[in-house]
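Reminder that position 232 of the sequence shown reads as 238 in the working numbering, one-by-one numbering, no gaps. All residues carry an ideal CB built from backbone N, CA and C; glycine is no exception. To start, the structure itself, in structure tokens.
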Amino acid sequence: MSPRSFRGYGGANPQRLHDAVRRSFERSARGSHDDVPEDVLQAMVNDLDNVGRHRVVVDGPVLSRFVERLTELAISAIEQGDRTGVADFPGVLESAAALLASAGRSAWPAHVAKASYYSRVTGGDESRRAELGRAVAACRTPLDRVEVDLVRAQFAIDLTEYAAASGLLERCLGTCTADPDCRHRLPQVYVCLGNLHYVQGGLRTALGHYQAALAVDAPADSYRTARAQARAHHYGGRVLHMLGRDEEALANLVEALDYRYATHAEYERKSGFYHIAIGEILVVGGGYDQAEAHFAAARRTFSRLRHNTAAHAILDAAVSRLEIRRGRYDEALALLDNAVRGAREGGYRRGALLFELYRANLLLRRRSYVRAARSGVAAVGVWLRFLRRGNGLRAVRGAVEYAWAFVRQKAEPRRRPDRGPLTCPCEVHS
């Protein structure tokens, strides 16, 4: 708050200024689902600056709520690629961590948010690892450790360090099962376990974990629980589709569309991916027109989001499969070219590898063997380049493991009956 504003709140009476700053801080801590996240983040950064600059005392629970919401919005904005109007995210989050520590509160949420920021920065893996180490050091309770270990486990999965991820998740599962104060985090644990097995090709084991996440009696008013269970519907739907259980898959994905998130921008992005997944199932089931409607819905959603090249890449790859089914191979190849380019630009390592494999497969079908071989070599090169860790042996192993998981998934026996074109029950077609 400027000196002029200070004078407006009483000048010689700093208590009036402190009360005004505290009220604004408390309003930001409460928040609203319908707030515009970019505006809220900027306002919260201002509130944080005013509290620190004018040494305003804030109640511990209010401070924790404020930082939790700030980090939730920050992570959501980082993951969505939104322009936040905040020039120095790491500096803001460092201020939040210092404020928490000075009030005797655990600062791990701020360090986790910084780790999320570094996950989207080229060459940020080491900084991300360092922030997660600081988050571990800031933990004070078993629940704190579960929260941080879940993030560390997903980081390990991203780097194909599957044994490390498994150890972290088994510890989280044991803690959440035994400790009533941690039980509400079981949906997140099961979803992360499902992801671990999914990327290694263990579809049925992954499906069991996703279904376990939905079976947990967890607080329905928690955005984290809602996010985890929506992911369970999403990923579970994808696995059911791979196993040939398409009606169940569609039901899961349509239900995922009903979940709420921390911000409307996050809901928009997630719903775009659900539309893609529904469209992919309809393509395989012969419902081409309905699939096209879902892809169009995803395209409209993603067009409202900024800096989201990876999302558009995933959509282009999905639409390419529709074009292949319709016999439009040149259009499909052009879309896959866009998908590979977008995945590379967006740092989406797995997608870049997978879309290169899709392109190689299509080129083989078109008997363009030289181009197919180049695409296959490029797939390995993409993995090595984007892993960015300097550990060549681990990178090669990761590429082989992921490619083998892709082959295992494709080789899974299907039980898809021949019933004619699939239809989708969602409101897009009503």
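query: Start-to-end residues for the alpha helix (DSSP H) that takes in H117; result: 114-125
query: Assigned secondary structure, C430 (DSSP; H/G/I helix, E/B strand, else coil); result: coil
query: R332 and Y294 closer than 9 Å at C-beta; result: yes
query: Burial state of R5 (16 or more Cβ within 10 Å); result: With the chain covering only 7 through 436, there is no way to say anything about residue 5.
query: Endpoints, alpha helix (DSSP H) assigned at E337; result: 335-351
query: Contacts around T181, its chain only, beta-carbon distance under 6 Å, and the 5 residues preceding and following it disregarded; result: P148, V152, C188
query: Span of the alpha helix (DSSP H) around H247; result: 229-248
query: Coil, strand or helix - Q206 by DSSP; result: coil
query: Proximity of V118 and L138 at Cβ, strictly below 9 Å; result: yes
query: Three-state secondary structure assigned by DSSP to C145; result: coil
query: Pick from A141, C145, N201, A113 that is closest to Y168, judged by C-alpha positions; result: N201
query: Exposure label - G110; buried when at least 16 CB within 10 Å; result: exposed
query: Whether A319 touches Y280 by CB criterion (9 Å); result: no
query: Backbone CA spacing between G214 and L179 [nearest angstrom]; result: 15 Å
query: Simplified DSSP assignment, three categories, for Y354; result: coil
query: Beta-carbon spacing of H247, L220 below 9 Å; result: no
query: Alpha helix (DSSP H) segment containing P186, residue limits; result: P186 -> no alpha helix (DSSP H), and no H or E assigned at all.
query: Top-ranked residue by Cα proximity to C430, from A49, D252, A340, W114; result: D252
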